[in-house]
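Keeping their order, the protein sequence lines are chains A, B, C, D and E.
Numbering-wise, the first sequence is residues 8 to 157 according to this note's numbering.
Numbering-wise, the second sequence is residues 1248 to 1573 according to this note's numbering.
Numbering-wise, the third sequence is residues 17 to 146 according to this note's numbering.
Numbering-wise, the fourth sequence is residues 482 to 1141 according to this note's numbering.
Numbering-wise, the fifth sequence is residues 502 to 765 according to this note's numbering.
Note that beta-carbon positions come from the ideal geometry of N, C-alpha and C, so glycine has one too.
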Amino acid sequence: MLAAQSTPDKEFEQLIVAFCCNWCSYAGADLAGTARRSYPANIKIIRVPCSCRVNPTFILRAFLRGADGVIIAGCHPGDCHYTSGNYFARRRMTLLMSMLSFLGVDKARLRVEWVSAAEGNKFAEVMTSFAETIKALGENVKLRDLRCKK
Amino acid sequence: MQKIEQLIKEKARDLLAAGQVTSVIAWQKGEMFYDNAPGYFDNTEELDALVYNAFCAANLSKYLIANTKKDEKTAVFLKPCDTYSLNQLIKDRRVQREQVLVIGIPCAGMVDINKVKAQGLKGIIGITEDGDNLTVETAYGTKQVARAEVLLNKCLACKGSAYAVSDETIGEPMAVKHAPYDRFAVVKELESLSPQERFAFWQEELSKCIRCNACRDICPACSCEQCLFDNPESPLAGKANNNSAEEQLFHIIRAYHVAGRCTDCGECSRVCPQGIRLDLLNRKFIKDINEFYGDYQAGADADTNAPLLSFDVDDVEPGAATKGRE
Amino acid sequence: MHLTEKEEAAEILRISGVKADNCMQCGKCSAACPAGAKMDILPHRFVWELMNGRVNNLAASNTLWQCLSCFTCSARCPRGVDPAKLIEAVRLSVIRKQGENRLNVDELPAEIDEMMPQQALVSALRKYNK
Amino acid sequence: MQKIGVFVCWCGSNIAATVDVARVAESVKSIPGVAFAADYRYMCSEGGQELMQKAIKDYGLSRVVVCSCSPRMHEATFRKAAQAAGLNPYLVEIANIREHCSWVHKDKEVATAKAIALAKAAIAKVKLNTPLVSGESAVVKRALVIGGGIAGLQTALDIAEAGYKVDIVEKTPSIGGKMSQLDKTFPTLDCSACILTPKMVEAATHENITIYTYSEIEKVSGYVGQFEAVIRKKARSVSVDRCSGCGICSEKCPSKKAKSEFDQGLRNRSAIYIPFAQAIPNVPVIDRENCLKFQTGKCGICAKVCPAGAIEYEQEDELVTQKYGAIVLATGFEPIDMAKFGEFNYEYCPDVITSLEFERLTNAAGPTQGHLVRLSDGKKPKSIVFVSCVGSRDTTERGKTYCSKICCMYNAKHAMLVKEKYPDIDVQVFYIDVRTPGKSFDEFYRRAVEEYGVQYTKGMVGKITEEGDHLLVHASDVASGAQLSVPADMVVLATAIKPAADARKLATMLTASIDTNDFFTEAHPKLRPVESPTAGIFLSGVCQGPKDIPETVAQAGAAAVKVLGLLSKDKLLTNPCVATCNEQTCSGCLACEKVCPYGAISAEYKLVNVKGLKERRLIAQVNEALCQGCGACTVACPSGAMDLKGFSNKQIMAEVDAIC
Amino acid sequence: MVYNYYPGCTLSTKAKQLDLYAKKAAEALGFELAELKEWQCCGAVYPLVQDEIGTRLSSVRSLAAAAAIDGKLVTLCSACHHVLKRVNSDMAENKEINAKVNAYLELDKPYQGETQVLHYLEVLRDEIGFEELAKKVVKPLTGRKIGAYYGCLLLRPAGVMQFDDPENPSILEDFIKALGAEPVVYDYRNECCGGYIALKDKSSAQNMVSKILTSAANKGVEALITACPLCSYNLQVNAAAAQPLPIFYFTELLAEALGVKEEV
């Protein structure tokens, strides 16, 4: 059932899910908006109270349902609105990223970034660079439930 | 190990007779001589079915969950590696410590019957232990086999003869003799492969999974009242895999849930009917935890905080695991 | 191909790799320039001219030949602009043209004394001739 | 079946310009459960809210999705509107199709497709929303102000005037802050002490205000309305009650080598010192680093000479724990360090000084009793050069990228004061742009030039060198394109200002947001400038950004009013999106309790009915008053028993499914 | 400890003492400067524009040669240090230049800027340590008031050179202290000596040099030390007759203090 290394076809429309924490990166995304920065439209943001709310099952579900890239954006360690939320998220994501790579999923498909509410430009830059990375990697066929192919 | 079986029987008889405990958990004869099953004894008559020999690999600690729910006192005989699992269950409050009488019993390493057969022996009738060797009686004559060559994989990573928790002990501690063994060797080998090769390996390995849940049911670290996958309310409910992605999903999530709880007792891969190397997933997490957050042996004691339930302000950044590697 | 002055200025900005637009005309580069005394166009005006697409007066200025490439202006500029690179870019656009060398090699021997290190010769020839 | 109403906002042209709002409304109509969909020019307007309320009534809507701007902007507005129409406010979801869509994508086709996707995600989530009711938590009727400068004092006074108790915690031995170091203040040139001291006295004598000086915040826990702060009152080694402030101890103290922080190190002070004459409390402090008694065990002269026997060497630090409803940050600023700006020769030339040091020189209570003299030879300078933007507007890693805002005005002030007192001194100011906006400020600056003959030259200073008995200022004249070498007897550097050193430590303690320059981030730059995004934390003064005294006092008052808005409530509505534990599936492992930052989870044995079988089980319990809804516990819980209302596992999974 | 050493053309001829004393002092301090087998002239000035590739090749050849050995390269002349370090930074950070240079050179292993370029003074400060150096001084230069002349090429631009704080350096002062002498700080220690302008407009060089020497003299400096042959030349030849100051290479004083300065 294994597909050969996927060749990025022309009209491959990548799909990226971004989990943004309400206090920092979601506000950073808002600031990117007010500053009229631009970044690719295939990134869709889901608001969570804190990066520690992101359960690995959400990420695996996203890949299962056809996401080509998932990015978790939280507050800079030390700035978390809930004091320690992003510290737990950091450990969870470190282990998850290592395991996904161990299973053969391209390591760049899951990314963690710390973006504060004041870093509108950084948010746009991070999203643009992530979209380029995923475009280069092409469609994600690993961990994918083929029945969900749109 | 014969002598120890005798001591265990006597101990069990005394405990039951004195009414100190209402039941005893040990091993009992199974269908085949090498196929012993966990045994539950609540009266002295049944005790002669009790056995303790080279084929008692089963980790009995998980059976205490059900027992300690009833207000009865239970005695359990645990090998050194099983005691780590009991500590973890106590930490997870799945076992009431005061309702358990833990009796530590020595172990010289349990034998894998498949490895004995792999030595070209056919028609095996029985195996007796003497010193570092085993005498294998077959329909075509007897043969001596070195115990070290036929040990279970999990015994190659033996954690030593010390008991992590015990009220009493029986017999003298025994060392498990085996060739030098790095439990992370295969993990490191897999890490050095390309993502394509790794994906192919796991695709192949996990596609054998028939979702019999044996690994989940035997695992002492996997002790939820109602598992996520059995809970109709949970978005991930699902008894069978509809395709490979769900297989991988089940095993990644299970490994993730026991990360920091898994004592590396090796039961999951031992009981897996399809022989999937599930222990590699757990060992990958253990290797990462040791590398990033300091060596941690789950169940070594009943109170240090599990790695995923604590943090350090200057932990490594998430990309660290795969820096400099494909 | 003959570039208009605006295109030439843009080309110079390109090869210099300097974002001249960052300059806020504070004049700190000119203040600190050790060779400023003999320059007809000081570094801050040099950057200003290029920002506004003018290069002919710069090409004709003696700033190109007085600049010591000592990087004081680059080090002290609060906006990270590098005037030294801009001056070198204009200098090169001049000496890269036929017959525009500014150090007459025949007169050189008279200048060289016993103590002069080759470093002086090589750097002067690299800066003034192509 | 849910009856969902979807309202797509034009936001004037902000959304409609790049998102085909009509097509979004049209395409969601076909989604099962959507009973009503419409687009409207301004959903947040009266008209928009009425449209929603009418639709709720007419169509009996059970859920509402508004596709509009960020929920951080109008989620509250639309929730109130829905509530007014009888719908539980937490059955409303917002799809952010402005900041996250129309404003960041230019192609209309692409932006519309994304808007539809975001709308679908919101619809998928809203189907699983449950009605929630906010809990209530009590409000402690007491405020804490961290910092005793003009900002902290003004805020504290305004709060106290409204009848609430206020505690001021000031790090240095006396309140007064930077303003107490100044000589005159712009734009009116009245003396700083004359307008500050009354406020200090008023604060010190106000029955609602308690002042902790020489004290720092050790730890803060809790949340809005229920903060608990631990204040470390550092040992003064002097009894505040018995000491009369006579100052004999400072006179007689033999250890005089410590540099006076108040005088910017321009003169020494004794180990036991009162920072300045008008200090409040007028009680000295023993600096144990420089005190012979503490360092060597010998001496003890101050105890001998003290008429009131107020010296107490054995005094220990004291920890005071206090509950507060609101906390105001008023930690002020410091000038940046000149170490990385060697070209100004500040380290080696005593006559190159900073503006704050100039304030001390011209201050009558200063080290030179107000006589403007050179620090090198004590002579009166014949010419002074003022340099603007030293370290400000600097995008390299040496300086600060922002404009420090107050220097142009105080440069003009200093120039005028010099010309006023010593008309014969030549004064020259080097500037990049003179920024004196607002009421009577530009007139103030022009007066320096037009009436007092101060020479303003557009151009920066590149290097300062010593030429015999005077300095040589190498600068440029940008207008005429010339290099200048200006001889000067004294050079004053208008250094950039940065937040107080412990701002970041406090931000972590209070989980208040802070930016890369260490200024506290405000909840909204335009609409909520004096509040931190963290509820219950307020910002007063320069700790939020560079500002002068008039603005500081104005914002200090604004912060006070925000605090009063909070303290005046007996009950606060708490965030209902908190964790909840499903007793059926909880295994009692309490992993959740270990990751909860607020200690909101406890455990209890309960009889749980599982399929008719009663079992005694250990179950996790969430204290809804303490829980802030971060969700750490929901991921630590393997079985999914612990879930978060408003952001439940099923809701987020539904959003993921809708998007992928 | 053996360091790959890049002497540069001037140190082989006109500035021989700078190199000779450096080697002698190294011996006394227990490290060795092993000259690269093949090196070429560094070009004396760093090509400031992006489209000059040819003038970067000679530096990259030496950098790549050092990378093949142990990845460290020690320089002594300020100009060589400046050119090598800036070209090295280009190879690490500028993709375009990196690609073109590697296309030209066709090295068996493309060079990515991994070599660490160390100046002799950085070896003394960071690898040996000035306290260690002070212990090895046999003839301390007590009582001698020595001024450090840094020039431009070691210090600026700070981002790339990372040698010291260009506006307030201290490495040479600490070096002088380690030798037992008294360092004197004067304003013009990091201002330009005129460099190659000496060949184009001698009076300009004389004007700059006189400012430096006057500033030093006013502070009671008795002698200046430098690490750049061109600065040393300008400070001596273009000093106005009025106030010449003795100019030494810093390695000469080092050798003297370590007692290994036999007459050359």
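Would you kindly work out how many angstroms separate the C-alpha atoms of residue i and residue j, rounded to a whole number?
i              : j              : result
residue 1019/D : residue 1051/D : 19 Å
residue 609/D  : residue 1136/D : 10 Å
residue 1426/B : residue 47/A   : 56 Å
residue 88/A   : residue 655/E  : 46 Å
residue 56/C   : residue 910/D  : 25 Å
residue 1088/D : residue 1316/B : 12 Å
residue 1435/B : residue 1519/B : 23 Å
residue 983/D  : residue 571/D  : 39 Å
residue 666/D  : residue 652/E  : 44 Å
residue 114/C  : residue 964/D  : 34 Å
residue 88/C   : residue 49/C   : 7 Å
residue 848/D  : residue 663/D  : 13 Å
Given a cut-off of 8 Å, decide if residue j and residue i are closer than it, judged by their beta-carbon atoms.
i              : j             : result
residue 1160/D : residue 974/D : With chain D covering only 482 through 1141, there is no way to say anything about residue 1160/D.
residue 519/E  : residue 512/E : yes
residue 922/D  : residue 895/D : no
residue 740/D  : residue 783/D : no
residue 725/E  : residue 748/E : yes
residue 640/D  : residue 681/D : no
By a C-beta neighbour count over all protein chains shown, 10 Å radius and 16 as the cutoff for buried, is residue i buried or exposed?
i              : result
residue 18/C   : exposed
residue 1068/D : buried
residue 1510/B : buried
residue 704/D  : buried
residue 1459/B : exposed
residue 607/E  : exposed
residue 670/D  : exposed
residue 529/D  : buried
residue 774/D  : buried
residue 14/A   : Confidence at residue 14/A is low in this model, with a pLDDT of 48, below 50, so the placement of that residue should be treated as unreliable; the coordinate-derived value is given next. Residue 14/A is exposed by the Cβ-count criterion.
For residue i, write down the residues that DSSP places opposite it in a beta bridge.
i              : result
residue 1060/D : 1125/D
residue 122/A  : DSSP lists no partner for residue 122/A.
residue 1141/D : For residue 1141/D, which the question treats as bridged, DSSP gives no partner whatsoever.
residue 938/D  : 911/D
residue 653/E  : For residue 653/E, which the question treats as bridged, DSSP gives no partner whatsoever.
residue 488/D  : 519/D, 547/D
For chain H, is any of its Cβ atoms less than 8 Å away from the one on residue i?
i             : result
residue 876/D : Absent here is chain H; the protein component of the structure consists of chains A, B, C, D and E.
Check whether the segment 144 to 153 of chain A and the segment 1253 to 1272 of chain B are in contact - that is, three or more C-beta pairs closer than 8 Å.
no
Check whether the segment 758 to 765 of chain D touches the segment 719 to 731 of chain D, taking contact to mean three or more Cβ pairs, one atom from each stretch, closer than 8 Å.
yes
Pairs of beta-carbons, one from the segment 679 to 689 of chain E and one from the segment 730 to 748 of chain E, closer than 8 Å: are there three or more?
no
Would the segment 541 to 559 of chain E and the segment 568 to 583 of chain E be scored as touching if the rule is three or more Cβ pairs under 8 Å?
Between the segment 541 to 559 of chain E and the segment 568 to 583 of chain E, the count of C-beta pairs closer than 8 Å reaches three or more; the two stretches touch.
Under 8 Å, with one C-beta from each stretch per pair, do the segment 1436 to 1443 of chain B and the segment 1081 to 1101 of chain D reach the 3-pair mark?
no
Do the segment 905 to 919 of chain D and the segment 773 to 792 of chain D meet, that is, are 3 or more Cβ pairs less than 8 Å apart?
no
Closer than 8 Å is the cut-off here; do at least three beta carbon pairs connect the segment 593 to 603 of chain E with the segment 1099 to 1113 of chain D?
no
Do three or more CB pairs link the segment 123 to 131 of chain A to the segment 36 to 47 of chain A at distances below 8 Å?
yes
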